[in-house]
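Position one of the sequence shown corresponds to residue 0 (numbering that gives the first Met the number 0), numbered consecutively onward.
Following: one structure in structure tokens, then a few remarks.
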Amino acid sequence: MYTDKNGNQWYKVGLHTHTTLSDGRLTPEEMAEVYKNAGFDAVAITDHWKYYPEGEINGLKIISGCEYNIGSHNTIDGVMHIVGIGMKENPNLERATTERQQAIDAINRLGGMAVLAHPAWSLNTKEDVKALNGFSLLEIYNTVSAVEQSSRPYSGYIADVLANDGIEFPLIATDDAHYYNGEDEAKSYIMVNAESGEVEDILTAIKDRRFYSTQGPQLYIKREGYKIIVDSSECRMINFLSNSSWEGDRVIRGEKLTHAEYAMRDYERWVRVEVVDENGCYAWSNVIMK
Ligand SMILES: [Zn+2]
Ligand SMILES: [Zn+2]
């Protein structure tokens with residue numbers, strides 16, 4: 000947690016981790032130790048088809064969660080992983096028979112949020128997403144999808160083509176930690192501007208979109224009409240992405256950048272922001288619709 004210069008409190012939150020309850024390498028207690036030491040305030044335990052309830056482990060708040068991986072490994076046959084966070088009870092879904100929409104509906108029915116996990120890794124298309132109702136969040140970055148035997152971690156493309164169709168989901172960065180080998184734990188997360196570090200307040204703030212996704216850089220977005228104003232910690236790139244494929248003033252590169260502004264053109268329907276610091280760490284805003 001940190002307090003920004005306006006006095007707002009920001010909590011460090013991981014929304015996708017695995018433990019020995021499914022295919023993760025650490026027990027929930029060992030995972031909690033790792034994340035607590037990395038400064039996290041709350042983490043969701045999202046084992047495959049194994050609901051973990053809300054609680055606290057050694058001072059780390061635990062958000063309830065479960066991941067429903069539907070389909071096998073062949074993306075031609077259809078692979079979709081749906082993470083549920085914040086469900087008040089175990090949805091008790093059957094792995095053999097649960098379909099995508101059923102998983103999403105069960106998560107929502109129990110007060111949770113359904114996350115489209117690592118759509119790039121799964122090669123999900125915008126048609127796959129548009130065929131479903133009830134997603135609350137989309138993973139724009141998934142750390143484990145870049146390590147070991149995977150290499151497709153970034154899902155900006157699908158977020159952008161969906162935004163072109165007028166559809167947007169708040170964008171989260173997650174670790175999806177499995178290995179805990181120094182590469183997939185405590186790397187990608189969200190910073191949440193919540194009233195307190197209690198799980199209920201954190202979930203409320205996520206629902207209210209009071210968060211940004213990051214691997215380290217701080218990112219604050221303000222909007223004045225069609226002008227998007229960015230303040231950040233020191234970065235080497237501030238990038239405004241939109242439905243326009245090219246603009247002369249959309250990517251600002253330099254040293255120790257902390258501020259940029261971008262005026263949306265008439266034909267621009269949405270904008271989102273990415274910043275990169277000198278270590279190559281990213282932060283991502285949500286999509287800002289016009
Ligand atoms: Zn997954
Ligand atoms: Zn996962």
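All C-beta atoms, glycine included, are put in the ideal place defined by N, C-alpha and C.
Practice task
Kindly list the residues whose CB is nearer than 6 Å to the CB of Glu182, restricted to its own chain and excluding five residues on each side of it in sequence; keep chain order.
Solution key: Here the set comprises Val146.
Practice task
Quick one: measure Cβ to Cβ for His117 and Asp22, integer angstroms, because I've assumed they're closer than 8 Å.
Solution key: Actually they are not in contact, since the Cβ atoms of His117 and Asp22 sit about 15 Å apart, beyond 8 Å.
Handout entry: Rounded C-alpha distance that separates Val78 from Ala158
Key = Distance between the alpha carbons of Val78 and Ala158: 18 Å.
Exercise for the section: Can you give me the Cβ contacts of Ser71 inside the same chain, cut-off strictly under 8 Å, excluding the 5 residues immediately before and after it? Expected result: Hits under 8 Å: Val78.
Practice task
Report the rounded CA-to-CA distance for Ala119 versus Ser195, giving the unit in angstroms.
Solution key: So the alpha carbons of these two residues sit roughly 33 Å apart.
Practice task
With a threshold of 6 Å, establish whether the CB of His333 neighbours any heavy atom of ligand 1.
Solution key: Any question about residue 333 goes unanswered here, given that the chain covers just 0 to 289.
Exercise for the section: For Val272, write down the residues that DSSP places opposite it in a beta bridge. Expected result: Val272 is bridged to Phe239.
Exercise for the section: Could you say if the segment 42 to 51 and the segment 82 to 89 meet the contact criterion of at least three C-beta pairs nearer than 8 Å? Expected result: A contact is defined here as three or more CB-CB pairs under 8 Å, and the segment 42 to 51 meets this definition with respect to the segment 82 to 89.
Practice task
Following the continuous alpha helix (DSSP H) through Arg108, name the residue where it begins and the one where it ends.
Solution key: Annotation for Arg108: the continuous alpha helix (DSSP H) segment containing it runs 99 to 108.
Practice task
Alpha carbon to alpha carbon, how far is Asn192 from Asn57? Give it in angstroms, no decimals.
Solution key: The C-alpha of Asn57 lies about 23 Å from the C-alpha of Asn192.
Practice task
Consult DSSP for Thr213 and reduce its assignment to one of helix, strand or coil.
Solution key: Note: Thr213 maps to strand in three-state DSSP.
Practice task
Taking all protein chains shown into account, decide if Gly38 is buried (16 or more other Cβ within 10 angstroms of its Cβ) or exposed.
Solution key: Its Cβ having fewer than 16 others within 10 Å, Gly38 is exposed.
Problem - Inter-residue Cα distance where the pair is Glu28 and Ile61 - result: Taking C-alpha positions only, Glu28 is separated from Ile61 by approximately 11 Å.
Problem - Cβ-based burial, Trp245 [other Cβ within 10 Å; buried from 16] - result: Label assigned to Trp245: exposed.
Problem - When Gly279, Asp265, Tyr219 are compared against Val5, the one with the closest alpha-carbon - result: Per the sequence shown, the amino acid found at residue 5 is Asn instead of Val. Ranking the options by Cα distance to Asn5, first place goes to Tyr219.
Handout entry: Neighbour-count burial assignment, Ser315, 16 or more Cβ in a 10 Å radius
Key = Since the first residue of the chain shown is 0 and the last is 289, residue 315 is not available in this structure.
Problem - Any non-hydrogen atom of ligand 1 within 6 Å of Asn68 CB - result: Correct: Asn68 has its Cβ closer than 6 Å to ligand 1.
Exercise for the section: For the alpha helix (DSSP H) containing Leu161, list its first residue and its last residue. Expected result: Residues 155 to 163.
Practice task
Enumerate in chain order the residues of its own chain whose CB-to-CB distance from Val143 is below 6 Å, with the five nearest sequence positions on each side excluded.
Solution key: If the five residues before and after Val143 are omitted, its C-beta is found closer than 6 Å to the C-beta atoms of Asp175, His177, Asp183, all from its own chain and listed in chain order.
Practice task
Counting only the same chain and skipping the five closest in sequence on each side, list residues whose C-beta sits under 7 Å from that of Lys186.
Solution key: These residues qualify, in order along the chain: Thr142, Asp174, Gln214.
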